[in-house]
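Below: one structure, written as structure tokens.
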Amino acid sequence: MNIIKQATYHRDQVQVQSREYLFRGFIQVEKVNLCHRLFNQSEFTPVMQRELIHRPEAAGVLIYDDAQQKFALIEQFRVGALDDPESPWQLEIIAGVLDGNESPENCLRRESLEESGCEIDQLQHLFSFYPSAGACSELFHLYSAQAHLPQQGGIFGMPDEGENIQLHIIDYDQITILLSNGRLKNAPVIMALQWLQQHIKTTRNV
21 MNIIKQATYH RDQVQVQSRE YLFRGFIQVE KVNLCHRLFN QSEFTPVMQR
71 ELIHRPEAAG VLIYDDAQQK FALIEQFRVG ALDDPESPWQ LEIIAGVLDG
121 NESPENCLRR ESLEESGCEI DQLQHLFSFY PSAGACSELF HLYSAQAHLP
171 QQGGIFGMPD EGENIQLHII DYDQITILLS NGRLKNAPVI MALQWLQQHI
221 KTTRNV
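Going by this note's numbering, the residue at position 193 of the sequence shown is 213; the numbering climbs one at a time, nothing skipped.
Structure follows, in structure tokens:
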């Protein structure tokens, strides 16, 4: 079986014994008792207990402009980084949670206006991935979009939602520094800037 094309096993090789919600809010926590098939065997594991964190689907976009040779990142307080030895204020791409049956593209057009004031039209899908599949169900859709950027950043966000967001407009020549100095600590922004590096190399070689 070619692992590049498909997984070794599928959902039917998991046996769920019980599921129980421990907490239900914006984020939900569920206790699951299950067993799953072992590799290269017909047997299953013993029944094991796992805590599963449910978060809504989310999407993020890296906004850049080849003409200006600049890209946009935002900075905001994140409770998940509360105990970070450097700072709980994290550099990120523009992102948000999908609202009901909203598409990732429509979510990002809305979030871009709220968090940067930038209007984006054409979006390029890069990856969809689970940021922390060991414990969390969240599926994250990563995009890029080329748009005209403001000359300088500013303060954005929805205050009634507790948002206080600083927009940074950054030169292309700062990408390597950002990827190596430890300032970036979340997967979507690292993946997006690695993509942008490759995009820049490709366009310069054309």
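Built from N, CA and C at the ideal position, the CB exists for glycine as well.
Predicted model only: the values in this text are computed from it and were never measured.
The alpha helix (DSSP H) with residue i in it runs from where to where?
i: residue 138; result: No alpha helix (DSSP H) holds residue 138; DSSP gives it neither H nor E.
i: residue 200; result: 195-200
In chain order, what residues of the same chain lie with their CB nearer than 6 Å to the CB of residue i, ignoring the 5 residues before and after it?
i: residue 79; result: 124, 127, 128 and 161
i: residue 72; result: 50 and 52
i: residue 183; result: 177
i: residue 116; result: 127 and 131
i: residue 155; result: 73
Could you tell me the alpha carbon to alpha carbon distance between residue i and residue j, rounded to whole angstroms?
i: residue 67; j: residue 137; result: 50 Å
i: residue 51; j: residue 44; result: 12 Å
i: residue 202; j: residue 63; result: 44 Å
i: residue 107; j: residue 32; result: 43 Å
i: residue 216; j: residue 222; result: 10 Å
i: residue 101; j: residue 204; result: 12 Å
i: residue 147; j: residue 37; result: 32 Å
i: residue 152; j: residue 173; result: 31 Å
i: residue 195; j: residue 213; result: 7 Å
i: residue 27; j: residue 180; result: 43 Å
i: residue 61; j: residue 25; result: 21 Å
State the start and end residues of the unbroken beta strand (DSSP E) segment that holds residue i.
i: residue 221; result: Looking at the DSSP string, residue 221 is not in any beta strand (DSSP E); the run it does join, the alpha helix (DSSP H), is 207-225.
i: residue 93; result: 90-97
i: residue 190; result: 185-191
i: residue 148; result: 144-149
i: residue 73; result: 68-74
i: residue 35; result: 34-44
i: residue 53; result: 48-56
i: residue 165; result: 160-166
Can you list, in chain order, the residues of its chain with a C-beta nearer than 7 Å to that of residue i? Leave out the 5 residues immediately preceding and following it.
i: residue 167; result: 83, 85, 138, 139 and 140
i: residue 88; result: 169
i: residue 122; result: none
i: residue 109; result: 95, 96 and 97
i: residue 220; result: 192
i: residue 118; result: 76, 77, 78, 79, 124 and 127
i: residue 206; result: 110 and 112
Within a Cβ cutoff of 8 Å, which residues of the same chain sit near residue i, ignoring the five residues on either side of it in sequence?
i: residue 171; result: 189
i: residue 35; result: 54, 55, 56 and 64
i: residue 58; result: 64 and 65
Using DSSP with H/G/I as helix, E/B as strand and the rest coil, what is residue i?
i: residue 26; result: coil
i: residue 110; result: strand
i: residue 87; result: coil
i: residue 171; result: coil
i: residue 100; result: helix
i: residue 82; result: strand
The ligand ATP and residue i: does the residue's C-beta get closer than 7 Å to at least one heavy atom of that ligand?
i: residue 85; result: In the structure shown, the ligand ATP is absent, as is every other ligand, since no ligand is present at all.
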